[in-house]
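J.: Mapping to numbering that gives the first Met the number 0: the sequence shown position 302 is 301, numbers consecutive.
Sharing a structure below in structure tokens format, with a few things to ask.
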Amino acid sequence: MEDNRTPLIIDTDPGIDDAASIFWVLASGRFDVKALTVTHGNVGLERCTINALRLLEAAGRPDIPVYQGAKAPILRPRISAEFAHGTDGMGDSEMPMPQLKPAEGHAACRIVEIAKASARPVTILAIGPITNVALAVLLEPDLKRYVDRVIFMGGAVRVPGNFTAVASFNVVADPEAAQIVYQSGIPVVQVGLDICNQFSFRPADFDALQQVDSPVTRFICQMVQFRLRQIGGVAAESVARSDSIALNDVAATSYLMNPDWFTTEMVVGDVETAGRCAGQTVLDFANRENREPNVCFASGVDSHAAIRQWSWDLCHGF
Numbered sequence: 000m001e002d003n004r005t006p007l008i009i010d011t012d013p014g015i016d017d018a019a020s021i022f023w024v025l026a027s028g029r030f031d032v033k034a035l036t037v038t039h040g041n042v043g044l045e046r047c048t049i050n051a052l053r054l055l056e057a058a059g060r061p062d063i064p065v066y067q068g069a070k071a072p073i074l075r076p077r078i079s080a081e082f083a084h085g086t087d088g089m090g091d092s093e094m095p096m097p098q099l100k101p102a103e104g105h106a107a108c109r110i111v112e113i114a115k116a117s118a119r120p121v122t123i124l125a126i127g128p129i130t131n132v133a134l135a136v137l138l139e140p141d142l143k144r145y146v147d148r149v150i151f152m153g154g155a156v157r158v159p160g161n162f163t164a165v166a167s168f169n170v171v172a173d174p175e176a177a178q179i180v181y182q183s184g185i186p187v188v189q190v191g192l193d194i195c196n197q198f199s200f201r202p203a204d205f206d207a208l209q210q211v212d213s214p215v216t217r218f219i220c221q222m223v224q225f226r227l228r229q230i231g232g233v234a235a236e237s238v239a240r241s242d243s244i245a246l247n248d249v250a251a252t253s254y255l256m257n258p259d260w261f262t263t264e265m266v267v268g269d270v271e272t273a274g275r276c277a278g279q280t281v282l283d284f285a286n287r288e289n290r291e292p293n294v295c296f297a298s299g300v301d302s303h304a305a306i307r308q309w310s311w312d313l314c315h316g317f
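This is how it looks when you write it as structure tokens:
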């Protein structure tokens, strides 16, 4: 029987919001997940790899290979985000070590091989620094023939950055890599902070998950407790239910699930790689240089519809 699911590679630096996104993809059953390719980012590569394996074990998906990739940016020292994800990247959840092991081969090489072997062009969901995808482009400059699009959780255009004044973490972590991907000829969907700032979870959004006793829902709820403590600086149970929780990667994954939830426009996009503004995504809405648009910029979203679907899929998909 023909498999009509979208072939998908998830390039990730598993932290809390990566976990919530990966679980959603697996719960939906709509995607043929070819691999998780792991990069530096929220924490170091080794911890990110352990977390990817933990997620697949919790989801009961040992069939999906995990490939380790870049330990650091192409040209810069590595930065990280333990302050937002805990020292283990999973909210200091003390999850047991996984029994699964990473598969052999470098993530960038495997991205090229998987894309070329796929019967249909693959989609890449990039929810971490985009070094692995850039390295795959350098390995195979014609990768655009085999990749339908890259959905990238990165960038800040009409809102401030979350790591510098103008840049989001996933871009400033490797601006050169982002620029390589933006100029690769592969269509890029930028779902950055312009969307994430419209996409807040409330504690009540997790009520349904707390009623479902599965390894996945327990995993998510435990990580959410960490975020709640970060917000309140006190015990999670005493935090007001009006407080919001950021799970930025879920915003980007929402575009994968249903582009109709989004307002978008095609624009010319570049990434600044020098000076104090390194990591800034620069979108030329007026197309002053008369170039072919290369970025689908997401500026608006029906976040309530997306969050409802996220919760339903996670409650019913495992």
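A virtual CB, placed ideally from N, CA and C, is assigned to each residue, including glycine.
What you are looking at is a predicted structure, and each value in this text was computed from that prediction instead of being measured.
Assuming V37 and Q67 make a contact with CB atoms under 8 Å, what is their CB distance in whole Å?
T.: Taking the sequence shown and counting its residues from 1, the one referred to as residue 37 is at position 38. Taking the sequence shown and counting its residues from 1, the one referred to as residue 67 is at position 68. Yes, they are in contact, since the Cβ atoms of V37 and Q67 sit about 5 Å apart, within 8 Å.
J.: Please classify A304: does DSSP put it in a helix, a strand, or coil?
T.: Counting from one through the sequence shown, the residue named residue 304 turns up at place 305. If DSSP states are grouped into helix, strand and coil, A304 belongs with the helices.
J.: With distances taken Cα to Cα, identify the nearest neighbour of A305 among D248, F284, D283.
T.: Numbered from its first residue, the sequence shown carries residue 305 at position 306. The option with the nearest alpha carbon to A305 is D248.
J.: Only counting the same chain, and skipping five residues up and downstream in sequence, which positions put a Cβ closer than 8 Å to that of G274?
T.: As a position in the sequence shown, residue 274 is number 275, starting the count at 1. Cβ within range, chain order: n/a, list empty.
J.: Expressed to the nearest angstrom, what Euclidean distance is found between the alpha-carbon atoms of N289 and S183?
T.: In the sequence shown, the residue the question calls residue 289 occupies position 290. In the sequence shown, the residue the question calls residue 183 occupies position 184. Roughly 18 Å separates the two Cα atoms.
J.: K100 by DSSP, collapsed to three states: which one?
T.: The residue labelled residue 100 in the question sits at position 101 within the sequence shown. Of the three classes helix, strand and coil, the one that applies to K100 here is coil, per DSSP.
J.: Quick test of your reading: M89 and I15, contact by CB under 8 Å. State the CB separation rounded to the nearest angstrom.
T.: Here residue 89 refers to the residue found at position 90 when the sequence shown is read from its first residue. Here residue 15 refers to the residue found at position 16 when the sequence shown is read from its first residue. Indeed, because the Cβ distance is near 7 Å, the residues count as touching under 8 Å.
J.: Assign P128 to one of three DSSP states: helix, strand, or coil.
T.: Working through the sequence shown from its first residue, we reach residue 128 at position 129. Coil.
J.: Figure out for me which residue from A245, E291, C276 has the closest Cα to the Cα of V266.
T.: Position 267 of the sequence shown, counted from the first residue, corresponds to residue 266. Taking only the C-alpha atoms, the option nearest V266 is E291.
J.: From the DSSP output, in three-state form, read off A71 for me.
T.: Numbered from 1 along the sequence shown, position 72 holds the residue referred to as residue 71. Looking at A71 - three-state DSSP - the assignment turns out to be coil, as it is neither helix nor strand.
J.: Alpha carbons only, please: which of T272, L35, G59, A71 is nearest the one belonging to V42?
T.: Indexing the sequence shown from 1 puts residue 42 at position 43. Of the candidates T272, L35, G59, A71, the one whose C-alpha sits nearest the C-alpha of V42 is A71.
J.: I need the straight-line Cα distance from L54 to I179, nearest angstrom please.
T.: Position 55 of the sequence shown, counted from the first residue, corresponds to residue 54. Position 180 of the sequence shown, counted from the first residue, corresponds to residue 179. Rounded to whole angstroms, L54 to I179 spans 29 Å at the Cα level.
J.: Based on Cα-Cα distance, which residue from I21, K100, V32, T5 lies nearest to T252?
T.: Working through the sequence shown from its first residue, we reach residue 252 at position 253. Ranking I21, K100, V32, T5 by Cα distance to T252 puts I21 first.
J.: Tell me whether E93 is buried or exposed, calling it buried when 16 or more other Cβ atoms sit within 10 Å of its Cβ.
T.: For the purposes of this step, residue 93 is taken as residue 94 along the sequence shown, with counting starting at 1. Exposed.
J.: When the Cα atoms are used, what is the spatial distance from A106 to K33?
T.: Translated into positions along the sequence shown, residue 106 becomes position 107. Translated into positions along the sequence shown, residue 33 becomes position 34. Taking the straight line from one Cα to the other gives about 12 Å.
J.: On the DSSP letters alone, give me the boundaries of the beta strand (DSSP E) that I342 sits inside.
T.: The structure shown does not extend to residue 342, since the chain is modelled only from 0 through 317, so no value can be given for it.
J.: DSSP state of V149, grouped into three classes?
T.: On the sequence shown, position 150 is the one that residue 149 refers to. Three-state result, V149: strand.
J.: At the level of alpha carbons, what is the spacing between A166 and P13?
T.: Along the sequence shown, one-based indexing puts residue 166 at 167. Along the sequence shown, one-based indexing puts residue 13 at 14. A166 and P13: Cα-Cα distance of roughly 20 Å.
J.: For F296, which beta-bridge partners are listed by DSSP?
T.: Within the sequence shown, the letter at position 297 stands for residue 296. F296 pairs with Q189, E264.
J.: Give the C-beta separation of V149 and V190 to the nearest angstrom, bearing in mind that I take them to be a contact with Cβ-Cβ under 8 Å.
T.: Sequence index remark: in the sequence shown, residue 149 carries index 150 (1-based). Sequence index remark: in the sequence shown, residue 190 carries index 191 (1-based). With a Cβ gap of about 11 Å, V149 and V190 do not count as contacting.
J.: So V146 and T280 are supposed to be a Cβ contact under 8 Å. How far apart are they, rounded?
T.: Indexing the sequence shown from 1 puts residue 146 at position 147. Indexing the sequence shown from 1 puts residue 280 at position 281. The pair is not a contact, with the Cβ atoms about 20 Å apart (cut-off 8 Å).
J.: Does A80 come within less than 8 Å of chain C when only Cβ atoms are used?
T.: In the structure shown, chain C does not exist; there is a single protein chain.
J.: Which one or two residues does DSSP pair with T122 in a beta bridge?
T.: Position 123 of the sequence shown, counted from the start, is the residue given in the question as residue 122. L7, R148.
J.: Could you tell me how far apart the beta carbons of D173 and T130 are, in whole angstroms, since I believe they sit closer than 8 Å?
T.: Here the question's residue 173 lines up with position 174 in the sequence shown. Here the question's residue 130 lines up with position 131 in the sequence shown. Yes, D173 and T130 are in contact; Cβ-Cβ is about 5 Å, under 8 Å.
J.: Label H39 either buried or exposed according to how many other C-beta atoms from any shown protein chain fall within 10 Å of its C-beta, with 16 as the threshold for buried.
T.: Taking the first residue of the sequence shown as position 1, residue 39 is located at position 40. Flag for H39 reads buried.
J.: Cα separation between I63 and E103?
T.: Translated into the one-based positions of the sequence shown, residue 63 becomes position 64. Translated into the one-based positions of the sequence shown, residue 103 becomes position 104. Between I63 and E103, the C-alpha separation is close to 13 Å.
J.: Using the three-state DSSP reduction, which class does D212 fall into: helix, strand or coil?
T.: Here the question's residue 212 lines up with position 213 in the sequence shown. Coil.
J.: Quick check: what's the CA-CA separation for I405 versus N286?
T.: Outside the shown range of the chain (0 to 317) lies residue 405, about which nothing can therefore be said.
J.: CA-CA distance, T11 and I123?
T.: Taking the sequence shown and counting its residues from 1, the one referred to as residue 11 is at position 12. Taking the sequence shown and counting its residues from 1, the one referred to as residue 123 is at position 124. Whole-angstrom Cα-Cα distance: 10 Å.
J.: How would you label W309, buried or exposed, when you count the other beta carbons within 10 angstroms and need 16 or more for buried?
T.: Within the sequence shown, residue 309 is the residue found at index 310, counting from 1. Flag for W309 reads buried.
J.: Specify, as a first and last residue, the run of the alpha helix (DSSP H) that D248 falls within.
T.: Within the sequence shown, the letter at position 249 stands for residue 248. First-last of the alpha helix (DSSP H) with D248: 247-256.
J.: Run through DSSP, which three-state label would S79 get?
T.: Along the sequence shown, read from residue 1 onward, the residue named residue 79 stands at position 80. The answer is coil: DSSP assigns S79 none of H, G, I, E or B.
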